[in-house]
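The block underneath contains the structure these notes are about, expressed in structure tokens.
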Amino acid sequence: MLRILFLTHAFNSLTQRLYIELQQQGHEVSVEFDINDTVAIEAVNLYQPDLIIAPFLKRAIPESIWKKTTCLIVHPGIAGDRGPSALDWAIINNEILWGVTVLQANEEMDAGDIWATQEFMTRHVSKASLYRNEVTEAATLAVLKSVKLYEGGSFIPQPLDYSNAENLIEPRKSLVKIKGQFQPLMTQTDRKIHWYEDTTETVLRKIRSADGFPGVLDDIMGREFFLYDAHEEQQLRGKPGELIAYCGGAICRATTDGAVWIGHLRDKQAHHPFKLPATHLLEQTIQHLPEIVADQMTGYRDIWYEQEGDVGYLHFPFYNGAMGTEQCQRLHRAYIEACQQKTKVIVLMGGADFWSNGMHLNLIEAAQSAADESWNNINAINDLALEIINTNSHLTIAALQGNAGAGGVFLARAVDEIWASQGVILNPHYKDMGNLYGSEYWTYLLPRYAGQENAERIIQARLPIGTQDALSLGLINEVIEKKGAFFVQDVKKRAADMADVPAYSSRLEYKRKRREVDEQYKPLAEYRKSELDKMHMNFFGFDPSYHIARYNFVYKVAKSRTPLTIALHRRTSSIINNKTRRAV
15 MLRILFLTHA
25 FNSLTQRLYI
35 ELQQQGHEVS
45 VEFDINDTVA
55 IEAVNLYQPD
65 LIIAPFLKRA
75 IPESIWKKTT
85 CLIVHPGIAG
95 DRGPSALDWA
105 IINNEILWGV
115 TVLQANEEMD
125 AGDIWATQEF
135 MTRHVSKASL
145 YRNEVTEAAT
155 LAVLKSVKLY
165 EGGSFIPQPL
175 DYSNAENLIE
185 PRKSLVKIKG
195 QFQPLMTQTD
205 RKIHWYEDTT
215 ETVLRKIRSA
225 DGFPGVLDDI
235 MGREFFLYDA
245 HEEQQLRGKP
255 GELIAYCGGA
265 ICRATTDGAV
275 WIGHLRDKQA
285 HHPFKLPATH
295 LLEQTIQHLP
305 EIVADQMTGY
315 RDIWYEQEGD
325 VGYLHFPFYN
335 GAMGTEQCQR
345 LHRAYIEACQ
355 QKTKVIVLMG
365 GADFWSNGMH
375 LNLIEAAQSA
385 ADESWNNINA
395 INDLALEIIN
405 TNSHLTIAAL
415 QGNAGAGGVF
425 LARAVDEIWA
435 SQGVILNPHY
445 KDMGNLYGSE
455 YWTYLLPRYA
465 GQENAERIIQ
475 ARLPIGTQDA
485 LSLGLINEVI
495 EKKGAFFVQD
505 VKKRAADMAD
515 VPAYSSRLEY
525 KRKRREVDEQ
535 YKPLAEYRKS
545 ELDKMHMNFF
555 GFDPSYHIAR
565 YNFVYKVAKS
575 RTPLTIALHR
585 RTSSIINNKT
595 RRAV
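Just so we're aligned: the sequence shown equals residues 15 to 598 in the working numbering.
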């Protein structure tokens, strides 16, 4: 097995997925954030890796590193594609077939020898969604293949040669067609929306190509905003560029042949230059606009319910999985309404990209009192969790199509069963957010399903957990080895079967009795009070760690060092240095 070092700009979703997959194959993996050349060189000298993988980089690897150690770069483009805006151009150009290429670092960015490439069909979604799903799956396959080839020792990667589009990789004789080309950095000029000329499809592609970074710069009522989170509206019409309605946090803007919903904005000149719900930044502007009820529209819904037979499905695809106070309250009401329907099973579907990531840190940061809004937010999530835990009329399921983090993991664990799509990543911990204690009744739920020993291990580790480990730890109940629409289809079949089996009534009765016994042993109110007492100290106490960590997260302050939890090479070095200091 190999000693592998990740050089990466951040420990993002793709990096976490590869970290888990390679460890499961028995490789030792350590991570170093690419802060500067000196830090990267030091990491390589400390760890002495067999192989270096760069899942997510924004600059070139130093020559002194790639000349000494094989470095594999994960590029989100088809073979031959080069440049920093690969996915942006793929979306703008409406590419139907795209891919991920693993290439070897050399003196020219993205021009190294090709180790593997994996293609996929694109969807009409945002860049962020494409990255979290298709790109991540393709990159995982391509990296695992490349690592296996590297282990073999005899593989010769294919040089990038634009003059021959059908070079052969020796000795595998695998045909890799060079389909891509160099593309420059996409600018705001390339993305600029011409409201009197662009069709709805064009507007959507421009906004989606920049979601979640850098957004499309545009003018709204004389103010400059970056636009994100765009969805097509099927019915409303108006003068191109005109604001014509709002719904929840989104605004609706007319195009030449229809309209689009824009869910999030970033004010270029604001004191809070980070993404917020559009209506939050345009409170005065939208007062003269008609408010549309989500159930009356097809273009933008952040919560909706559907029913098939004896099963109700509650969807809540919140942007980036963040759940603000008002969203939690609306979801709570929607859940109560779902429980009042004549069904047997309720499935909490979350969204395609995330199930939930807990509190809405951006809204908290923008609030007049961040401490007060944090308190309101955690209590709103707790109210929802309590409602789910105490549901005795239905069996409940959380269907994790996408990742979940922090309080979102424990909100999911409030149900009877969690079914997760293969490849989903869980981050069931709070401590990286300034040693935040966390709530959502985790001190009740985690020991109940995972056991006390596993519960402590999960909370203290601060590491991402893949589906197989989550299954063995009791964090989830079942892994469904399907993705996207196929996962949803499978969930619906299984949920219908659960509602139909003869054991349904006895299982529901056992659930009721189990809750009664647990409540007599220790009321849920005591768990909540204990957790919130500690959270209150996090929010209002003398230690500002949570507020500093939240600020750094929201403002995207670059990390000054790699956490020891993932920097194995520095953890070992730190232990040695501590022993040396004690000896002295």
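We treat Cβ as the ideally placed atom computed from N, Cα and C, and that holds for glycine.
{"Item": "Would a C-beta distance cut-off of 7 Å place Thr131 and Val53 closer than the cut-off?", "Value": "no"}
{"Item": "Can you look up Trp209 in the DSSP assignment and give me helix, strand or coil?", "Value": "coil"}
{"Item": "Look at the Cβ atom of Val116, then the Cβ atom of Ala156, and state whether they are nearer than 7 Å.", "Value": "yes"}
{"Item": "Have a look at the DSSP bridge pairing and note the partners of Arg280.", "Value": "Phe240"}
{"Item": "Cα separation between Ala368 and Phe169?", "Value": "Note that residue 368 is Phe in the sequence shown, not Ala. If you take the alpha carbons of Phe368 and Phe169, they lie about 38 Å apart."}
{"Item": "Does DSSP put Ala24 in a helix, a strand or coil?", "Value": "coil"}
{"Item": "For His41, which of helix, strand or coil comes out of DSSP?", "Value": "coil"}
{"Item": "Between which residues of its own chain and Arg186 is the CB-CB distance below 6 Å, once the five residues before and five after are set aside?", "Value": "In this prediction, Arg186 has a pLDDT of 43, which is less than 50 and means its spatial position is unreliable; nothing more can be read from the coordinates."}
{"Item": "How about Thr457 and Tyr541: do their beta carbons lie closer than 7 Å?", "Value": "yes"}
{"Item": "I'd like the list of long-range same chain contacts for Thr339, defined as Cβ closer than 6 Å, with 5 residues on each side in sequence excluded.", "Value": "Asn390, Asn391, Ala394"}
{"Item": "Enumerated in chain order, which unbroken segments of the alpha helix (DSSP H) with a length of 4 residues or greater are wholly contained in the region 516-544?", "Value": "518-535"}
{"Item": "Which runs of the alpha helix (DSSP H) at least 4 residues long sit entirely within the region 372-446? Give them in chain order.", "Value": "375-380, 384-403, 421-426"}
{"Item": "Enumerate, from N- to C-terminal direction, the unbroken beta strand (DSSP E) stretches of 3 or more residues contained entirely within the region 125-208.", "Value": "128-135, 180-183, 188-191"}
{"Item": "Check the C-beta distance from Glu387 over to Arg564 and give it rounded, since I have them as a contact under 8 Å.", "Value": "The pair is not a contact, with the Cβ atoms about 11 Å apart (cut-off 8 Å)."}
{"Item": "Excluding sequence positions up to five away, which residues of its chain have a Cβ less than 7 Å from the Cβ of Ser160?", "Value": "Leu86, Val116, Trp129, Ala130"}
{"Item": "Could you check what DSSP says for Glu470 in three-state terms: helix, strand or coil?", "Value": "helix"}
{"Item": "With DSSP as the reference, label Phe567 as helix, strand or coil.", "Value": "helix"}
{"Item": "For Asp532, collect the residues of the same chain with a Cβ closer than 6 Å to its Cβ; drop the 5 residues on either side in sequence, then sort them by chain order.", "Value": "none"}
{"Item": "According to DSSP, is His302 helix, strand or coil?", "Value": "helix"}
{"Item": "Buried or exposed: Phe330, going by 16 or more other Cβ atoms within 10 Å of its Cβ?", "Value": "buried"}
{"Item": "Distance check for Val493 and Asp324, CA to CA, integer angstroms please.", "Value": "23 Å"}
{"Item": "Hey, is the region 460-470 in contact with the region 497-507, meaning 3+ C-beta pairs nearer than 8 Å?", "Value": "no"}
{"Item": "According to DSSP, is Ile87 part of a helix, a strand, or is it coil?", "Value": "strand"}
{"Item": "If we ignore side chains and look at the alpha-carbon of each, how far apart do Leu144 and Ile432 end up?", "Value": "24 Å"}
{"Item": "Give the range of the alpha helix (DSSP H) segment to which His294 is assigned.", "Value": "292-295"}
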